[in-house]
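Which chain is which? The protein sequence lines are A and B, in order.
Just so we're aligned: 94 in the working numbering is position 94 of the first sequence, and the numbers increase by one with no gaps anywhere.
If you count the second sequence from 1, you need to add 1000 to reach the working numbering.
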Amino acid sequence: MTERFLGKDLLCLEPLTADQIRFILDTAEPFKEVSERTIKKVPTLRGKTIVNLFFEASTRTRISFEFAEKRLSADTVNVAASGSSVEKGETLVDTARNLEAMRIDMVVMRHPSSGAAQFLADRIRSNVVNAGDGTHEHPTQGLLDLLTLRDKFGRIEGLKVCICGDILHSRVARSNIWGLLKLGAQVAVCGPVSLLPLGIEDLGVTVFRRIEDAIQWADALNVLRIQLERMHAGFLPSLREYNRVFGVTVERLEKAPRDLVILHPGPMNRGVEIDSRVADGPHSVILGQVTNGVAVRMAVLYLLAGGRPEMAEAAKGRSGEASE
Amino acid sequence: MAKEIVEFAEGTDRLVLVGIHRRGPELSGRLARMIEAEEGVSIPRGTLDITLYRDDVGTIGPRPVVGATHLPENIDGKCVVIVDDVLHTGRTIRAALDEVADFGRPARIGLAALIDRGGRELPIQADIVGKAVRSGAGDRVDVFLQEVDGRDAVELVRGEGGGGR
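In structure tokens:
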């Protein structure tokens, strides 16, 4: 009861054990069913207040977190950087401390700087969930990709997964690499040299320079978005050339020795990294990822909310009911 | 107990048996099979995991296990009998009532408990009881079932002064 299973925060997958990751995925399973009910709500986090602090644009992740929170009956407040006191020059810590002074329980934060979630978590008492920090990690996306792969293949161990595209700027890639490796998958990356981080092999991943080779090797492709907003420094000659050399197309997939499962964290640039016929094709699990995202986030919020030492303290003397 | 359930539901037309994790589903399965053998009808069954409806989320253990909830399509107007192994504080049943209400509006909800060990903290009573036992707050009542534990037994473990049976 004293040691919390996940600790106070979920900041990244890198420090988690395989056991912890599997447990989050297992906990997500029953939460899938909650979203299928007529009344899509359970009272689990009633009375908890959660602030979604988004310093970067997001549709899918923010809405997914918000659904997860609401389906657990938490009270939620959304703060976007534009239109808030952040525009007036308030620092991250001051913003968070002010929120905490209003007695919140959790913060879900997306921030353009790598390490921002850790920085915040070290300074406030509320639980912090990282919803993407710079180019570092996006742990709930990594978890939902793992859950989707596990749904499809029934296992993660031994799977060959290739992450394609802009690995350099991708927090999704990093969370995926850690999660997949810990659960025993074989991981590869594929993309233009200018978008592969130096020394990526040291993490234990294979590097493919040609998408055709990756397709020959893999069981599943996780196709990343070419982040147009980060492409100002001349990483790519043109999007058209990227599609010609690295695009995941039906023609390329037809040459694969087996049917590849296709993942994409969204939002998709159709006709750049992925063709519409692939994205909407029979082997795409892209919308399944979105559905699983809500369940995974419910599981994470639930596990972080549980077992607070001070609350366990307050509830002492009520023993016995737990065994009923 | 099976007979009492049928009496309680005034027949089997509207009867739905719902077991609470853990061991409730196995118990309700056994009761349903008995009723089916006796009456020659099929009884709809469901399972309920009340973990998400507990009133003590802050004190859950470090590895809470959330089980599956599955109820028959439509429970509106039905007579739902909740089946649990041990009735103690009543908090589990309070949570179960809330959860059932989120799935529909049964005409009637009943409670069947294999063991009623007393010690209620809420105004909740069972309609059908297999056996009532006296127990103190420090005692433990363990129910073992063939399907889960490989044997059928009910053990009362005294909290202080070692375990009698």
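C-beta: ideal position from N, C-alpha, C; glycine also.
Nothing here was measured: the structure is a model prediction, and the numbers come from that model.
Quick one: Cα of Gly1150(B) to Cα of Val1080(B), how far?
29 Å
From this set, Val93(A), Leu146(A) and Gly306(A), which residue's C-alpha is nearest Leu183(A)'s C-alpha?
Leu146(A)
Would Glu1073(B) be called buried (16 or more neighbouring beta carbons within 10 Å of its own) or exposed?
With a 10 Å radius around the Cβ and a threshold of 16 neighbouring Cβ atoms, Glu1073(B) comes out exposed.
What number of angstroms, rounded off, separates the C-alpha of Arg1014(B) from the C-alpha of Arg1117(B)?
29 Å
Three-state secondary structure (DSSP) at Phe208(A)?
strand
For a test of the three-state rule: what should DSSP assign to Arg1022(B), helix, strand or coil?
coil
Please confirm whether Ala74(A) and Asp105(A) have their CB atoms less than 9 Å apart.
yes
Output needed in chain order: residues of the stretch 150–169 of chain A with a Cβ under 9 Å from some Cβ in chain B.
none
What residue range does the alpha helix (DSSP H) around Asn52(A) cover?
Unbroken run through Asn52(A) is the beta strand (DSSP E), Thr49 to Phe54; no alpha helix (DSSP H).
Scan the stretch 114–149 of chain A and note each continuous alpha helix (DSSP H) run of 4 residues or more that stays entirely inside, going in chain order.
Fully enclosed alpha helix (DSSP H) runs of no fewer than 4 residues occupy 116–121 of the stretch 114–149 of chain A, in order along the chain.
Excluding the five sequence neighbours on either side, which residues of its own chain have a C-beta within less than 8 Å of the C-beta of Glu1039(B), listed in chain order?
Here the set comprises Val1006 and Thr1012.
Counting only runs that start and end within the stretch 214–291 of chain A, where is the beta strand (DSSP E) found for 3 or more residues in a row?
Every beta strand (DSSP E) of 3 residues or more that sits fully in the stretch 214–291 of chain A is shown, in chain order, as 220–223 and 261–263.
Counting only the same chain and skipping the five closest in sequence on each side, list residues whose C-beta sits under 7 Å from that of Gly1046(B).
Val1016, Val1018, His1070, Leu1071 and Pro1072
Taking 9 Å as the CB-CB cut-off, is Leu303(A) touching chain B?
yes
Might you give, ordered along the chain, the residues of its own chain that have their beta carbon closer than 6 Å to the beta carbon of Leu53(A), omitting 5 neighbours on each side?
Val79, Val107 and Met109
How many angstroms separate the CA atom of Val189(A) from the CA atom of Leu221(A)?
Going by C-alpha positions, Val189(A) is about 9 Å away from Leu221(A).
Less than 9 Å between CB atoms is the rule here; does Glu193(A) satisfy it with respect to chain B?
Checking the sequence, you will find Val at residue 193(A) rather than Glu. Judged by the 9 Å Cβ criterion, Val193(A) is not in contact with chain B.
Of all the options Pro282(A), Ala299(A), Ser84(A) and Gly191(A), which has the alpha carbon lying nearest to the alpha carbon of Ile215(A)?
Gly191(A)
How would you list, in chain order, the residues of chain B whose beta-carbon sits under 7 Å from the beta-carbon of Arg297(A)?
By Cβ distance, chain B contributes nothing, its closest Cβ being about 14 Å from Arg297(A), past 7 Å.
Give me the subset of the stretch 1065–1091 of chain B whose CB atoms are less than 7 Å from a CB atom of chain A, sorted by chain position.
If the cut-off is 7 Å between Cβ atoms, the stretch 1065–1091 of chain B has Val1066, Gly1067, Ala1068, Thr1069, Val1086, His1088, Thr1089 and Arg1091 near chain A.
So what does DSSP say about Lys32(A), is it helix, strand or coil?
helix
Going by DSSP in three states, Val1065(B) sits in which element: helix, strand or coil?
coil
Rounded to the nearest angstrom, what separates Gly1130(B) and Val1083(B) at their Cα positions?
11 Å
At a CB distance below 9 Å, what residues from the stretch 1037–1059 of chain B approach chain A? Give them in sequence order.
Asp1049, Thr1051, Leu1052, Tyr1053, Arg1054, Asp1055, Asp1056, Val1057, Gly1058 and Thr1059
Anyone know if the C-beta pair for Ala1107(B) and Gly1077(B) falls short of 9 Å?
yes
With a CB to CB cut of under 6 Å and the five nearest residues on each side skipped, what residues in its chain are close to Thr249(A)?
Counting only residues of its own chain and dropping the five nearest sequence neighbours on each side, Thr249(A) has a CB closer than 6 Å to the CB of Asp275.
Given a cut-off of 9 Å on the beta-carbon distance, is the pair Phe5(A) and Leu301(A) in contact?
no
Go ahead and label Val93(A) buried or exposed: buried means 16 or more other beta carbons lie within 10 angstroms of its beta carbon, across all protein chains shown.
exposed
For the stretch 236–267 of chain A, which residues have a beta carbon sitting closer than 9 Å to at least one beta carbon of chain B?
none
According to DSSP, is Thr1047(B) helix, strand or coil?
Correct three-state label for Thr1047(B): strand.
Give me the chain A residues within the contact set of Phe1103(B), using Cβ-Cβ distance strictly less than 8 Å, ordered along the chain.
Arg37, Thr38 and Ile39
For Met1001(B), which of helix, strand or coil comes out of DSSP?
In the structure shown, Met1001(B) falls within a coil segment according to DSSP collapsed to helix, strand and coil.
One question on the structure: do Gln118(A) and Leu45(A) come within less than 9 Å of each other, judged by their Cβ atoms?
no
Starting from Gly1120(B), find everything on chain A with Cβ-Cβ shorter than 9 Å and list it in chain order.
In the sequence as displayed, the identity of residue 1120(B) is Arg instead of Gly. Under the 9 Å cutoff, chain A gives no residues; its nearest Cβ is about 11 Å from Arg1120(B).
Any idea what DSSP makes of Lys330(A), helix, strand or coil?
The structure shown has nothing for residue 330(A), since chain A only spans 1 to 324.
Within 10 angstroms of its Cβ, does Thr61(A) collect 16 or more other Cβ (buried), or is it exposed?
buried
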